[in-house]
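Here the structure comes first, spelled out in C-alpha coordinates, and everything after it is commentary.
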Amino acid sequence: MKLKRMSYILFLAGITILMYPHVMKIFFEVQNVTEIAEYENLMEHMTDEEIRANIEEVKAYNDYIAREPEKKVSDPFTPIATRGEVDSAPVAAAGSSKPKKITSVGPFGYIDIPRISQKLPIYLGATDENLNKGVAHVDRTSLPIGGVGTHSVIAGHRGFNRSIPFFTHLDQMVTGDRFYIHILGLTLTYEVIGVEIILPDEREKLNIDPEKDLVTLLTCEPYRSNTHRLLVYAMRVDEGEASGEVRKDEHGEGYSGVLSESYTREMPVSSEVKFDNMISYIVVGVGSVLWVAVFILFLRTFRKKADVGMGK
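Residue numbers (the numbering used here): 25 to 336.
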(Lines of atoms letter the chains of each structure in order from A and count residues from 1; the text may use other names and numbers.)
(Lines give C-alpha, C1' and ligand atoms only; values in the text may rest on other atoms or scores of the structure.)
Protein backbone atom coordinates (compact mmCIF):
# COMPACT_ATOMS: atom_id res chain seq x y z
CA MET A 1 0.00 0.00 0.00
CA LYS A 2 2.84 2.39 0.91
CA LEU A 3 4.59 1.64 -2.39
CA LYS A 4 1.40 2.34 -4.31
CA ARG A 5 0.95 5.71 -2.60
CA MET A 6 4.55 6.63 -3.35
CA SER A 7 4.10 5.72 -7.01
CA TYR A 8 1.04 7.99 -7.15
CA ILE A 9 3.02 10.86 -5.62
CA LEU A 10 5.90 10.41 -8.07
CA PHE A 11 3.47 10.24 -10.99
CA LEU A 12 1.76 13.46 -9.88
CA ALA A 13 5.15 15.16 -9.49
CA GLY A 14 6.18 14.02 -12.97
CA ILE A 15 2.99 15.32 -14.58
CA THR A 16 3.38 18.64 -12.75
CA ILE A 17 6.96 19.08 -13.99
CA LEU A 18 5.92 18.19 -17.55
CA MET A 19 2.99 20.61 -17.51
CA TYR A 20 4.75 23.52 -15.81
CA PRO A 21 6.34 25.27 -18.84
CA HIS A 22 3.18 24.88 -20.90
CA VAL A 23 0.95 26.18 -18.09
CA MET A 24 3.28 29.16 -17.64
CA LYS A 25 3.13 29.85 -21.37
CA ILE A 26 -0.68 29.93 -21.35
CA PHE A 27 -0.71 31.98 -18.14
CA PHE A 28 1.63 34.51 -19.76
CA GLU A 29 -0.66 34.78 -22.79
CA VAL A 30 -3.63 35.52 -20.52
CA GLN A 31 -1.54 38.05 -18.58
CA ASN A 32 -0.60 39.77 -21.84
CA VAL A 33 -4.24 40.02 -22.88
CA THR A 34 -5.00 41.70 -19.54
CA GLU A 35 -2.05 44.12 -19.82
CA ILE A 36 -3.00 45.10 -23.36
CA ALA A 37 -6.68 45.52 -22.43
CA GLU A 38 -5.69 47.83 -19.56
CA TYR A 39 -3.46 49.83 -21.90
CA GLU A 40 -6.24 50.21 -24.48
CA ASN A 41 -8.64 51.26 -21.73
CA LEU A 42 -6.13 53.91 -20.63
CA MET A 43 -5.86 55.21 -24.20
CA GLU A 44 -9.65 55.42 -24.50
CA HIS A 45 -9.81 57.63 -21.41
CA MET A 46 -7.08 60.02 -22.55
CA THR A 47 -8.23 63.26 -24.14
CA ASP A 48 -7.09 64.31 -27.61
CA GLU A 49 -5.06 67.08 -26.00
CA GLU A 50 -3.26 64.62 -23.72
CA ILE A 51 -2.48 62.31 -26.62
CA ARG A 52 -1.18 65.19 -28.75
CA ALA A 53 1.00 66.40 -25.87
CA ASN A 54 2.47 62.92 -25.45
CA ILE A 55 3.11 62.62 -29.18
CA GLU A 56 4.91 65.98 -29.19
CA GLU A 57 7.13 64.85 -26.31
CA VAL A 58 7.99 61.64 -28.14
CA LYS A 59 8.72 63.53 -31.37
CA ALA A 60 11.02 65.89 -29.45
CA TYR A 61 12.84 62.89 -28.00
CA ASN A 62 13.21 61.30 -31.44
CA ASP A 63 14.49 64.57 -32.92
CA TYR A 64 17.09 64.68 -30.16
CA ILE A 65 18.19 61.09 -30.85
CA ALA A 66 18.52 61.91 -34.56
CA ARG A 67 20.80 64.86 -33.70
CA GLU A 68 23.10 62.68 -31.59
CA PRO A 69 24.32 60.03 -34.09
CA GLU A 70 27.61 59.55 -32.24
CA LYS A 71 25.80 58.05 -29.25
CA LYS A 72 26.10 54.30 -29.69
CA VAL A 73 23.17 51.99 -29.03
CA SER A 74 23.72 49.70 -26.04
CA ASP A 75 23.27 45.99 -26.63
CA PRO A 76 20.50 44.94 -24.18
CA PHE A 77 21.80 41.37 -23.85
CA THR A 78 25.38 42.30 -22.94
CA PRO A 79 26.10 42.66 -19.19
CA ILE A 80 26.39 46.32 -18.20
CA ALA A 81 29.89 45.74 -16.83
CA THR A 82 31.16 44.83 -20.32
CA ARG A 83 29.25 47.43 -22.34
CA GLY A 84 31.56 50.29 -21.51
CA GLU A 85 28.44 52.40 -20.89
CA VAL A 86 26.24 52.54 -17.83
CA ASP A 87 24.00 55.54 -18.47
CA SER A 88 21.10 54.43 -20.65
CA ALA A 89 19.72 57.97 -21.01
CA PRO A 90 21.00 60.13 -23.88
CA VAL A 91 23.45 62.82 -22.83
CA ALA A 92 23.10 66.24 -24.43
CA ALA A 93 26.07 67.56 -26.36
CA ALA A 94 27.30 71.06 -25.66
CA GLY A 95 24.83 73.61 -26.97
CA SER A 96 22.08 71.07 -27.66
CA SER A 97 18.70 70.93 -25.97
CA LYS A 98 17.88 67.78 -24.06
CA PRO A 99 14.20 66.79 -24.29
CA LYS A 100 11.98 65.85 -21.41
CA LYS A 101 12.66 62.29 -20.31
CA ILE A 102 9.93 59.95 -21.52
CA THR A 103 8.63 57.63 -18.80
CA SER A 104 5.87 55.06 -18.52
CA VAL A 105 4.67 53.15 -15.46
CA GLY A 106 3.18 50.32 -17.52
CA PRO A 107 3.44 49.42 -21.19
CA PHE A 108 4.20 52.26 -23.58
CA GLY A 109 2.31 50.40 -26.30
CA TYR A 110 2.15 46.90 -27.72
CA ILE A 111 3.25 44.99 -30.80
CA ASP A 112 1.18 42.48 -32.76
CA ILE A 113 3.18 39.99 -34.88
CA PRO A 114 0.75 37.68 -36.73
CA ARG A 115 3.45 35.43 -38.23
CA ILE A 116 4.60 34.24 -34.81
CA SER A 117 1.20 34.66 -33.12
CA GLN A 118 2.42 37.12 -30.52
CA LYS A 119 0.91 40.23 -28.98
CA LEU A 120 3.42 41.69 -26.54
CA PRO A 121 3.44 44.83 -24.39
CA ILE A 122 6.29 47.23 -25.18
CA TYR A 123 8.11 48.70 -22.18
CA LEU A 124 10.47 51.66 -22.11
CA GLY A 125 14.07 50.63 -21.50
CA ALA A 126 15.49 47.18 -22.24
CA THR A 127 16.25 46.39 -18.60
CA ASP A 128 16.23 42.86 -17.21
CA GLU A 129 12.98 43.64 -15.39
CA ASN A 130 11.22 44.81 -18.54
CA LEU A 131 12.61 42.01 -20.72
CA ASN A 132 11.27 39.49 -18.20
CA LYS A 133 7.68 40.61 -18.76
CA GLY A 134 7.55 41.61 -22.42
CA VAL A 135 9.59 43.28 -25.12
CA ALA A 136 11.30 46.62 -24.67
CA HIS A 137 12.41 49.71 -26.54
CA VAL A 138 16.20 49.84 -26.69
CA ASP A 139 17.70 53.00 -25.20
CA ARG A 140 19.26 55.56 -27.56
CA THR A 141 17.02 54.53 -30.44
CA SER A 142 13.90 56.31 -31.67
CA LEU A 143 10.68 55.66 -29.81
CA PRO A 144 8.29 53.62 -32.00
CA ILE A 145 5.87 56.31 -33.08
CA GLY A 146 6.87 56.57 -36.73
CA GLY A 147 8.17 59.36 -38.92
CA VAL A 148 10.88 59.65 -41.56
CA GLY A 149 14.32 59.69 -39.98
CA THR A 150 13.40 57.38 -37.10
CA HIS A 151 14.72 53.91 -36.34
CA SER A 152 13.25 52.22 -33.29
CA VAL A 153 14.76 49.00 -31.95
CA ILE A 154 12.56 46.62 -29.96
CA ALA A 155 14.29 43.80 -28.09
CA GLY A 156 12.93 40.55 -26.67
CA HIS A 157 14.36 37.35 -25.25
CA ARG A 158 14.79 34.48 -27.72
CA GLY A 159 14.57 31.58 -25.31
CA PHE A 160 11.86 30.58 -22.88
CA ASN A 161 12.60 32.91 -20.02
CA ARG A 162 10.74 31.44 -17.04
CA SER A 163 9.04 29.12 -19.58
CA ILE A 164 7.64 32.11 -21.48
CA PRO A 165 8.09 32.66 -25.24
CA PHE A 166 8.84 36.21 -26.39
CA PHE A 167 10.81 36.36 -29.66
CA THR A 168 11.45 32.61 -29.65
CA HIS A 169 10.15 32.19 -33.19
CA LEU A 170 11.44 35.47 -34.59
CA ASP A 171 13.57 33.48 -37.04
CA GLN A 172 10.32 32.49 -38.78
CA MET A 173 9.86 36.06 -40.05
CA VAL A 174 10.53 36.58 -43.75
CA THR A 175 10.62 39.51 -46.15
CA GLY A 176 7.09 40.75 -46.81
CA ASP A 177 5.71 39.81 -43.38
CA ARG A 178 4.13 42.64 -41.47
CA PHE A 179 3.55 43.55 -37.86
CA TYR A 180 1.65 46.30 -36.07
CA ILE A 181 2.67 48.70 -33.33
CA HIS A 182 -0.15 50.19 -31.27
CA ILE A 183 0.93 53.32 -29.45
CA LEU A 184 -0.80 56.49 -28.18
CA GLY A 185 -3.99 55.72 -30.08
CA LEU A 186 -2.14 55.03 -33.35
CA THR A 187 -1.70 51.76 -35.23
CA LEU A 188 1.54 51.73 -37.24
CA THR A 189 2.10 49.01 -39.85
CA TYR A 190 5.61 47.79 -40.68
CA GLU A 191 6.70 45.38 -43.40
CA VAL A 192 9.81 43.22 -43.08
CA ILE A 193 12.48 44.23 -45.59
CA GLY A 194 15.31 42.01 -44.39
CA VAL A 195 16.60 39.56 -41.79
CA GLU A 196 20.24 39.46 -40.69
CA ILE A 197 22.48 37.79 -38.10
CA ILE A 198 25.23 40.00 -36.69
CA LEU A 199 27.76 40.14 -33.86
CA PRO A 200 26.72 42.03 -30.69
CA ASP A 201 29.15 44.88 -31.39
CA GLU A 202 27.89 45.58 -34.93
CA ARG A 203 25.68 48.34 -33.63
CA GLU A 204 26.00 50.50 -36.73
CA LYS A 205 23.28 48.24 -38.18
CA LEU A 206 20.86 50.10 -35.90
CA ASN A 207 21.70 53.58 -37.14
CA ILE A 208 19.00 55.97 -38.35
CA ASP A 209 18.37 56.35 -42.08
CA PRO A 210 17.29 60.00 -42.53
CA GLU A 211 14.98 59.03 -45.40
CA LYS A 212 13.22 56.02 -43.87
CA ASP A 213 10.79 55.12 -41.10
CA LEU A 214 12.25 51.91 -39.63
CA VAL A 215 11.69 49.47 -36.78
CA THR A 216 14.08 46.61 -36.05
CA LEU A 217 13.20 43.61 -33.89
CA LEU A 218 16.22 42.35 -31.98
CA THR A 219 16.88 39.07 -30.18
CA CYS A 220 19.68 36.60 -29.45
CA GLU A 221 20.96 34.04 -31.93
CA PRO A 222 21.13 31.05 -31.86
CA TYR A 223 18.25 29.83 -29.74
CA ARG A 224 19.15 29.67 -26.04
CA SER A 225 22.48 31.38 -26.67
CA ASN A 226 23.70 34.96 -27.00
CA THR A 227 26.80 34.80 -29.19
CA HIS A 228 25.09 36.65 -32.06
CA ARG A 229 22.07 38.86 -32.66
CA LEU A 230 19.12 38.24 -34.96
CA LEU A 231 17.77 41.41 -36.55
CA VAL A 232 14.46 41.72 -38.38
CA TYR A 233 14.38 45.01 -40.27
CA ALA A 234 11.01 46.53 -41.16
CA MET A 235 9.83 49.71 -42.88
CA ARG A 236 6.61 51.63 -42.35
CA VAL A 237 3.94 50.92 -44.98
CA ASP A 238 0.48 52.11 -45.89
CA GLU A 239 -2.61 50.18 -46.96
CA GLY A 240 -2.85 52.13 -50.21
CA GLU A 241 -1.38 51.10 -53.53
CA ALA A 242 2.35 50.49 -53.77
CA SER A 243 4.38 53.63 -54.42
CA GLY A 244 7.68 55.22 -53.57
CA GLU A 245 6.24 58.52 -52.47
CA VAL A 246 6.59 59.96 -48.99
CA ARG A 247 3.21 59.90 -47.27
CA LYS A 248 1.84 61.64 -44.21
CA ASP A 249 0.89 59.65 -41.14
CA GLU A 250 -1.65 60.35 -38.41
CA HIS A 251 0.42 63.05 -36.74
CA GLY A 252 1.74 64.78 -39.84
CA GLU A 253 5.06 62.99 -40.15
CA GLY A 254 6.24 61.62 -43.46
CA TYR A 255 7.17 58.00 -44.03
CA SER A 256 8.13 55.81 -46.93
CA GLY A 257 5.14 54.03 -48.44
CA VAL A 258 6.70 51.24 -50.48
CA LEU A 259 4.61 48.06 -50.50
CA SER A 260 5.01 44.53 -51.75
CA GLU A 261 2.18 42.31 -52.99
CA SER A 262 2.40 40.21 -49.82
CA TYR A 263 1.22 43.17 -47.76
CA THR A 264 -2.34 42.87 -49.01
CA ARG A 265 -2.54 39.21 -47.97
CA GLU A 266 -3.35 37.94 -44.51
CA MET A 267 -0.17 36.73 -42.83
CA PRO A 268 -0.50 33.03 -41.90
CA VAL A 269 0.90 31.88 -38.58
CA SER A 270 4.14 29.92 -38.95
CA SER A 271 3.59 26.14 -38.96
CA GLU A 272 6.28 25.79 -36.27
CA VAL A 273 4.42 28.24 -34.04
CA LYS A 274 1.12 26.43 -34.66
CA PHE A 275 2.75 23.12 -33.72
CA ASP A 276 4.26 24.50 -30.50
CA ASN A 277 0.94 26.04 -29.47
CA MET A 278 -0.92 22.81 -30.23
CA ILE A 279 1.56 20.81 -28.13
CA SER A 280 1.10 23.19 -25.20
CA TYR A 281 -2.69 22.90 -25.23
CA ILE A 282 -2.56 19.10 -25.61
CA VAL A 283 -0.06 18.69 -22.77
CA VAL A 284 -2.06 20.95 -20.45
CA GLY A 285 -5.39 19.34 -21.38
CA VAL A 286 -4.32 15.70 -21.16
CA GLY A 287 -2.01 16.36 -18.22
CA SER A 288 -4.79 18.02 -16.22
CA VAL A 289 -7.13 15.06 -16.76
CA LEU A 290 -4.41 12.56 -15.75
CA TRP A 291 -3.42 14.64 -12.73
CA VAL A 292 -6.99 14.78 -11.42
CA ALA A 293 -7.55 11.06 -12.09
CA VAL A 294 -4.36 9.99 -10.29
CA PHE A 295 -5.04 12.37 -7.41
CA ILE A 296 -8.49 10.80 -6.93
CA LEU A 297 -6.89 7.33 -6.87
CA PHE A 298 -4.37 8.57 -4.33
CA LEU A 299 -7.14 9.90 -2.08
CA ARG A 300 -9.03 6.61 -2.31
CA THR A 301 -5.91 4.67 -1.33
CA PHE A 302 -5.28 7.01 1.58
CA ARG A 303 -8.92 6.69 2.69
CA LYS A 304 -8.77 2.89 2.55
CA LYS A 305 -5.73 2.90 4.83
CA ALA A 306 -7.53 5.20 7.25
CA ASP A 307 -10.57 2.91 7.28
CA VAL A 308 -8.38 -0.13 7.97
CA GLY A 309 -6.65 1.70 10.81
CA MET A 310 -10.04 2.46 12.38
CA GLY A 311 -11.10 -1.17 12.10
CA LYS A 312 -13.86 -0.57 9.56
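Backbone N, C-alpha and C define an ideal beta-carbon position, used for all residues, glycine too.
- Short of 8 Å from the beta carbon of residue 131, and not among the five residues preceding or following it, lie these beta carbons of its own chain, in chain order: 59, 60, 63, 145, 146, 147 and 158.
- For the options 28, 250 and 257, the alpha carbon positioned closest to that of residue 103 is the one of 250.
- Beta bridge pairing from DSSP links residue 203 with 214.
- Linking residue 26 to residue 179 through their CA atoms gives a straight-line distance of about 52 Å.
- Per DSSP, reduced to three states, the secondary structure at residue 175 is strand.
- Membership of residue 46 in the alpha helix (DSSP H) is indicated by the continuous run 26-68.
- Counted as a single uninterrupted DSSP element, the stretch harbouring residue 236 is not any beta strand (DSSP E), since DSSP gives it neither H nor E.
- Assigned with DSSP and collapsed to three states, residue 159 falls in strand.
- Nearest Cα to residue 206 within the set 230, 170, 149 and 233: 170.
- Between residue 162 and residue 177, the C-beta spacing is below 7 Å.
- Pairing residue 194 with residue 243 gives a Cβ-Cβ distance under 7 Å.
- Where residue 91 is concerned, the enclosing alpha helix (DSSP H) starts and stops at 72-91.
- A straight line joining the alpha-carbon of residue 319 with that of residue 299 spans about 29 Å.
- Separation of residue 317 and residue 139 (C-alpha to C-alpha, rounded to the nearest whole angstrom) is 37 Å.
- The C-alpha of residue 75 is placed about 32 Å away from the C-alpha of residue 227.
- By the neighbour-count criterion, in which 16 or more other beta carbons inside 10 Å mark a residue as buried, residue 312 falls on the exposed side.
- Distance between residue 314 and residue 30, taken at the CA atoms: about 16 Å.
- Under the 10 Å beta carbon count, residue 51 is surrounded by fewer than 16 other beta carbons and is classified as exposed.
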